[in-house]
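Read the structure below first, then the notes.
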Amino acid sequence: MNKSRRGNFVEAGVLLAAAGLPFILLALGEAFYIGFATRLLIFALAATSLNFIVGYGGMVAFGHAAFFGGGAYVVAFLMQAGIVSAWIAWPLAILATVVAALAIGALSLRTRGVYFIMITLAFAQMIYYSIISLQSAGGDDGLPLAQRSTLAPLDLASDTTLYWIALATLAICLIALRRLARSPYGRALAGLRQNEQRMEALGFPVDRLKLVCFVIGAGVAGLAGALLANQEGLASPNLLYWTQSGMLLVMVILGGVGQRYGGVLGALVLLGLEEALGQITEYTHLVIGLALLAVVLFAPHGLAGLARRRRA
Amino acid sequence: MSALLEIAGLKRHFGGLWAINGVDLRIERGTIHALIGPNGAGKTTLIHLISGAQRPTAGRIVFAGADIAHRNMHERVALGITRSYQITQIFPHLPVLENVCLAVLSRRRDWGSSFRMCRPASADFRMTAEAEEWLGRVGLAESAGQLAADLAHGQQRALELAMALATRPRLLLLDEPMAGMGPEESAHMAALIAALKGTQTVLLVEHDMDIVFRLADRISVLVAGRVIVSDAPGVVRNHPDVRRAYLGDDSQ
Amino acid sequence: MTQLVLEQLLNGLQFGLMLFLIASGLTLVFGIMDMINLSHGSLYMGGAYLGAAAAQASGSFVTGLLAAMLGMAVIGIVLELLLLRKLYRRDHLTQVLATFALILIANDLVRMIWGPQPLLLNPPAALAGPVELFGFSYPAYRLLIIAVGLLVALCLYVLVSHTRVGMWVRAGAANRTMAECMGVDVRWLFTGLFALGAALAAAAGTLLGPLLAVQVGMGESILILAFVVIVIGGIGSIRGALVGALLVGIVDTLGRALLPTLLRTVSSPEVAGHLGPALASIMIYLLMAAILFWRPQGLFPARA
Chain E
5 MNKSRRGNFV EAGVLLAAAG LPFILLALGE AFYIGFATRL LIFALAATSL
55 NFIVGYGGMV AFGHAAFFGG GAYVVAFLMQ AGIVSAWIAW PLAILATVVA
105 ALAIGALSLR TRGVYFIMIT LAFAQMIYYS IISLQSAGGD DGLPLAQRST
155 LAPLDLASDT TLYWIALATL AICLIALRRL ARSPYGRALA GLRQNEQRME
205 ALGFPVDRLK LVCFVIGAGV AGLAGALLAN QEGLASPNLL YWTQSGMLLV
255 MVILGGVGQR YGGVLGALVL LGLEEALGQI TEYTHLVIGL ALLAVVLFAP
305 HGLAGLARRR RA
Chain D
212 MSALLEIAGL KRHFGGLWAI NGVDLRIERG TIHALIGPNG AGKTTLIHLI
262 SGAQRPTAGR IVFAGADIAH RNMHERVALG ITRSYQITQI FPHLPVLENV
312 CLAVLSRRRD WGSSFRMCRP ASADFRMTAE AEEWLGRVGL AESAGQLAAD
362 LAHGQQRALE LAMALATRPR LLLLDEPMAG MGPEESAHMA ALIAALKGTQ
412 TVLLVEHDMD IVFRLADRIS VLVAGRVIVS DAPGVVRNHP DVRRAYLGDD
462 SQ
Chain Y
260 MTQLVLEQLL NGLQFGLMLF LIASGLTLVF GIMDMINLSH GSLYMGGAYL
310 GAAAAQASGS FVTGLLAAML GMAVIGIVLE LLLLRKLYRR DHLTQVLATF
360 ALILIANDLV RMIWGPQPLL LNPPAALAGP VELFGFSYPA YRLLIIAVGL
410 LVALCLYVLV SHTRVGMWVR AGAANRTMAE CMGVDVRWLF TGLFALGAAL
460 AAAAGTLLGP LLAVQVGMGE SILILAFVVI VIGGIGSIRG ALVGALLVGI
510 VDTLGRALLP TLLRTVSSPE VAGHLGPALA SIMIYLLMAA ILFWRPQGLF
560 PARA
């Protein structure tokens, strides 16, 4: 078990380093990047939640933006209505996305393959159009947050504190997902990914298992959305548009579908690349697009897959 | 004592064709009951009708006293009807042991109701121990850690059998377990099935006549959607209709 | 009122026919090669830009249109040979990744070449004015679009049902492996089809250019509609693409025009103005969802 203990040490080390990052950035006089790092963590969380659905559950869902953006909008709405406490608003955001996912999932999971992709896309677009049409949701401009959520006794107005909350959330979710993967439920999901027909023939309630997976992924995405609303100070309709679902999916594929840190890696690389390139050129999408093509042609299992192959 | 499975007047219509055209069948507990017949006789359809993959157009399927003809597959599995597949349906990228663990896991019925399914269970090692036992029974104990895809074809069929057995079925539907096997592997599989006699009720669909006549307690012959004879192997072997329809004119 | 409805019906027909041009290429890609191609919208955008640029340079709309179709056909062939061929055997996720990357690249390329501002594309001068139709005025240009759309639909119909190539296409869509076994060179057939699809998408882009805006990102919104169309119509079916496109075009256009009016009878004008377009957009997706449940393979599935 040496390898896994070594792995645990590495993970602990990375977590500690990440926790110490704000201090380093402050010392370097780059306080602005704390916000950027928080954004990275939040997208890593959103991508991880999608990875759970796509990589562990085997469902290619193209409507994740609905849950990610939905979480943000719930927090923004509640704040507008006077509910400022994160202790209330964030769980409500999760609850809203869970309920939406139950409805969307129950209907969508009756289809398979490319039809499932299309119908999840359709539902997400419906939510997008519904929200941008609402005056109270700020229409095309999005819904700003008057302030950050209050997470008594902590003060989220401080960028550093928000960063640590995001980091803690990501770490907890990663650990929880790992434990879930090892549980009977997780093992059943593994079987489902490989041979759904056999699982059905063995008597597993396949649709219910998939629905649970879908809902869990959605709930975590809703939490990520709540965090993002706080980080950006705004719930923007872009978060709900299908290209956002595409971006998240790209992160998952880039990082490695079904790999434990696939979502994290993909988000870090994509957003990091975008930021770094943004300093050099205004045509960041061009370079990223070419890089993605390179990955498709030369690293078929994503970046995490590359790393594993080198170690093996 | 009533039979475990009783089929009466079963019919299945497929847009102009009667795939099953009046089948009567009785399978007694603890027996190995073989189903033979020429290609296209409807054997696979009959298996589908019993397992729940398809619904009959008419007739009754009574399992342990209850008519299950219109229950879905899920319910039938819960009642204890498990089938194995002619085309191997295993979990290729999982270890052999995990394949069987999943079959053991499938017996749990508390999926919807308990969060225990979400926590790494302490009952895990009981499940693993049971899975290892099933692997031992089919002679795959040493391959437990290998990926299922890396097994030889005959071993994969044995795994298929282990998985079916691990669900502790009351009725086991074996759909051509020897499919694609050479003589040595077939003999091994035959021995495994023979070992089930008396304790496990089996409906066996198979083409290899030697094996069928050696293993089966009773044989039903399906021709053009009807069972023309259901009897002990000796009777079936010498039955004129059977020889004409299926065995040809060569005498055995 | 009936005038409004008629006018909007014609608009819907026009939009639907253009959607058909885009969707017909997409449905064949999907149907024969089982490939998700997210970059089809970029072909549409590229066509609009090429058309606008060529029209501006030459002063002639028709030149612009032809340049767009030819240009995108060539680009389509190059794209297919260099990249897309490698994707056919890969899984859907990889196809999503690669074609999404193409969207990113295309958007930035267009911005690099033509800048971030929308390009101006004027309809042909001769058709800039209205025509008298059934007692009301209707823009002549839109009639042209309808005419072109119907002509293309007719040509495609003839191609698919009355030529050998069409037979190969139908065979390929129904069962690619069998078609290959029967000697159809699916790969080259496919390159040709892709080029045709690109040309049609380019045509749609150029034709719609004067009505919608020729700008970066215009492909994304039309792509979603195209996917809805082919899912409704049945993947791999040209006939399905036509029916689906007309349905979507008419439902969307009529919805946007009439729903606010209808809603105004029950609520305030602002609410109606906002809710109307949103409801109309949602309506297409509701339509798609409903059809998927009733007929999961779409209205005219190509595959048995």
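Chains as they are written, first to last, in the numbering used here: chain E, 5 to 316; chain D, 212 to 463; chain Y, 260 to 563.
Backbone N, C-alpha and C define an ideal beta-carbon position, used for all residues, glycine too.
Amino acids of chain E, ordered along the chain, whose beta-carbon sits closer than 7 Å to that of residue i
i: His281 of chain D; result: Going along chain E, no residue has its Cβ under 7 Å from His281 of chain D, so there is no contact; the nearest lies around 18 Å.
i: His450 of chain D; result: Within chain E, no residue comes near His450 of chain D; the closest Cβ sits about 34 Å away, beyond 7 Å.
is_contact[residue i, chain Y] using C-beta, thresh 7 Å
i: Met63 of chain E; result: no
i: Ile123 of chain E; result: yes
i: Leu272 of chain E; result: no
i: Thr115 of chain E; result: yes
i: Ile257 of chain E; result: yes
i: Val300 of chain E; result: yes
N- and C-terminal bounds of the beta strand (DSSP E) containing residue i
i: Pro389 of chain Y; result: 389-392
i: Ser396 of chain Y; result: 395-398
i: Ser441 of chain D; result: 437-442
i: Phe274 of chain D; result: 269-274
i: Ala456 of chain D; result: Run containing Ala456 of chain D: none; DSSP gives neither H nor E here.
Residue from the options whose Cα sits closest to the Cα of residue i
i: Ser431 of chain D; options: D:Val416, D:Ile422, D:Ser354, D:Arg425; result: D:Val416
i: Leu414 of chain D; options: D:Ala375, D:Phe336, D:Gly356, D:Arg266; result: D:Ala375
i: Phe424 of chain D; options: D:Ala390, D:Val446, D:Val434, D:Leu316; result: D:Val446
i: Leu538 of chain Y; options: E:Leu96, E:Gln201, E:Leu274, E:Ile131; result: E:Ile131
i: Phe302 of chain E; options: Y:Ala282, Y:Ser298, Y:Thr353; result: Y:Thr353
i: Met304 of chain Y; options: Y:Ser540, Y:Gly271, Y:Leu361; result: Y:Leu361
i: Ile176 of chain E; options: E:Leu19, E:Phe13, E:Val14; result: E:Leu19
i: Glu396 of chain D; options: D:Arg266, D:Asp452, D:Ile422; result: D:Ile422
i: Phe56 of chain E; options: E:Ile257, E:Gly282, E:Gly143, E:Ile38; result: E:Ile257
i: Phe453 of chain Y; options: Y:Pro555, Y:Asp350, Y:Leu551, Y:Leu338; result: Y:Leu338
i: Ala357 of chain Y; options: Y:Cys414, Y:Trp373, Y:Lys345; result: Y:Lys345
Run of the alpha helix (DSSP H) containing residue i, from where it starts to where it stops
i: Pro188 of chain E; result: 188-198
i: Ala228 of chain E; result: 210-236
i: Tyr37 of chain E; result: 36-55
i: Lys254 of chain D; result: 254-262
i: Leu382 of chain D; result: Looking at the DSSP string, Leu382 of chain D is not in any alpha helix (DSSP H); the run it does join, the beta strand (DSSP E), is 382-386.
Beta carbon proximity, residue i to chain D, threshold 7 Å
i: Phe208 of chain E; result: yes
i: Ala316 of chain E; result: At Ala316 of chain E, the pLDDT of 41 sits below 50, so the modelled position is not reliable and the matter cannot be decided from this model.
i: Asn12 of chain E; result: no
i: Gln139 of chain E; result: no
i: Gly260 of chain E; result: no
i: Pro188 of chain E; result: yes
Closer than 7 Å to chain E by CB, residue i
i: His304 of chain D; result: yes
i: Leu278 of chain Y; result: no
i: Leu534 of chain Y; result: yes
i: Ala563 of chain Y; result: Only weak support exists for where Ala563 of chain Y lies, its pLDDT of 49 falling under 50; the value from the coordinates is given anyway. Chain E contact via Cβ: absent.
i: Ala537 of chain Y; result: yes
i: Ser527 of chain Y; result: no
Chain Y contact residues for residue i, given Cβ-Cβ distances below 8 Å
i: Val254 of chain E; result: Val355, Leu356, Phe359, Ala360
i: Ala1 of chain E; result: Given a span of 5 to 316 for chain E in the structure shown, any question on residue 1 of chain E remains unanswerable.
Contacts of residue i in chain D (Cβ-Cβ under 8 Å)
i: Glu204 of chain E; result: Met284, His285
i: Gln201 of chain E; result: Gln300
Beta-carbon neighbours of residue i, restricted to chain E and to distances below 8 Å
i: Arg294 of chain D; result: Ala205
i: Val288 of chain D; result: Ala205, Leu206, Gly207
Under 7 Å from the C-beta of residue i: neighbouring residues of chain Y
i: Gln129 of chain E; result: Ile483, Tyr544
Under 9 Å by beta carbon: chain E residues contacting residue i
i: Thr378 of chain D; result: Leu206, Gly207
Interface residues of chain D facing residue i [CB-CB closer than 7 Å]
i: Gly67 of chain E; result: Correct list: empty, because the minimum Cβ distance to chain D is about 24 Å.
Contact set between residue i and chain Y, taken where Cβ atoms lie within less than 9 Å
i: Leu297 of chain E; result: Leu342, Leu356, Ala357, Ala360, Leu361, Ile364
i: Val118 of chain E; result: Phe289, Asp293, Ile295, His351, Val490, Ile494
(message) For the segment 224-250 of chain E, list every residue whose C-beta sits within 9 Å of some C-beta in chain Y, in sequence order.
(response) For chain Y, the residues of the segment 224-250 of chain E that bring a beta carbon within less than 9 Å of one of its beta carbons are Tyr245, Trp246, Thr247, Gly250, in chain order.
(request) Mind checking the segment 322-341 of chain Y against chain B and listing, in chain order, the residues whose C-beta falls within less than 7 Å of any C-beta there? (result) Reference to chain B is not applicable here, since the protein chains of this structure are E, D and Y.
(request) Determine which residues of the segment 264-295 of chain E have a Cβ less than 7 Å from any Cβ of chain Y, and write them out in chain order. (result) For the segment 264-295 of chain E, which is checked against every Cβ of chain Y, the residues closer than 7 Å are Tyr287, His289, Leu290, Ile292, Gly293, Leu294.
(request) Name, going along the chain, the residues of the segment 76-98 of chain E whose beta-carbon falls closer than 7 Å to a beta-carbon of chain D. (result) Contacts with chain D (Cβ-Cβ distance below 7 Å) from the segment 76-98 of chain E involve no residue at all.
(message) Output needed in chain order: residues of the segment 213-240 of chain D with a Cβ under 8 Å from some Cβ in chain E.
(response) The segment 213-240 of chain D vs chain E, Cβ under 8 Å: nothing.
(request) Identify each residue in the segment 403-435 of chain D for which the Cβ-Cβ distance to at least one residue of chain E is less than 8 Å, and report them in chain order. (result) Answer in chain order: no residues at all.
(message) Please list, in chain order, the residues of the segment 151-167 of chain E that have any C-beta partner in chain D closer than 8 Å.
(response) Going along the segment 151-167 of chain E in chain order, one finds no residue with a Cβ nearer than 8 Å to chain D.
(request) Taking a Cβ distance cut-off of 9 Å, strictly less, list which residues of the segment 38-63 of chain E are near chain D, in chain order. (result) Under the 9 Å Cβ criterion, the segment 38-63 of chain E contributes no residue.
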